[in-house]
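Participant: The structure's right below; bear with me while I get my questions together.
See the structure below:
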């Protein structure tokens, strides 16, 4: 897998995680300040990644990965179906952790190649 492909996966995954955590969070029992801090960190990481891609002149290559889109669409539908319940959000949080761990692995692969 090319570095650019890995960057696209990271970009799209972060974008979708941001989108999910912008949804209805009223039923969660998590500390609001920590949720907001997490969202701000995601936004910052996404902005920095987009800036990096722009500097490389490869923004046109940021295309959508349908597998990633389908996965996150499924998570959003699940949340809606479960009425954004606390239990549904806990499942989303577990899934988010797993995706972020995958992104760490992908990032490490990029670092090793460079």
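Residue numbers (the UniProt record's numbering): 1 to 114. The beta carbon of each residue, even a glycine, is placed where N, CA and C say it ideally should be.
Going by beta carbon distance, what residues of the same chain come within less than 6 Å of residue 16, once the five residues before and after it are set aside?
Facilitator: So the qualifying residues of the chain are 72.
Participant: Please report the distance separating the alpha-carbon of residue 12 from that of residue 68.
Facilitator: Approximately 7 Å between the Cα atoms of the pair.
Participant: Beta carbon of residue 89, beta carbon of residue 27: below 8 Å?
Facilitator: Contact: yes.
Participant: Suppose you measure from the CA of residue 32 to the CA of residue 41; what does that come to, to the nearest Å?
Facilitator: Approximately 14 Å between the Cα atoms of the pair.
Participant: Got a sec? Which residues, its chain only, sit under 8 Å from residue 10 by beta carbon, not counting five neighbours each side?
Facilitator: If we look at residue 10 and ignore the five residues flanking it on each side, its Cβ neighbours are 49, 103, 106, 107.
Participant: Compare the beta carbon distance of residue 53 and residue 91 with 8 Å and say whether it is the shorter of the two.
Facilitator: Result no, Cβ atoms of residue 53 and residue 91 do not sit closer than 8 Å.
Participant: Around the C-beta of residue 97, are 16 or more other C-beta atoms found within 10 angstroms, so that it is buried, or is it exposed?
Facilitator: Exposed, because fewer than 16 other Cβ atoms sit within 10 Å of the Cβ of residue 97.
Participant: Could you tell me the distance, in whole angstroms, from the CA atom of residue 94 to the CA atom of residue 113?
Facilitator: Approximately 29 Å, taken between the alpha carbons.
Participant: Given a threshold of 16 other Cβ atoms within 10 Å of its Cβ, counted over all protein chains shown, does residue 14 qualify as buried or as exposed?
Facilitator: Answer is buried; the Cβ neighbour count reaches 16.
Participant: Given a cut-off of 8 Å, decide if residue 23 and residue 84 are closer than it, judged by their beta-carbon atoms.
Facilitator: A contact, by the Cβ cut-off of 8 Å.
Participant: With distances taken Cα to Cα, identify the nearest neighbour of residue 87 among 34, 39, 25, 3.
Facilitator: Nearest of 34, 39, 25, 3 to residue 87, Cα basis: 25.
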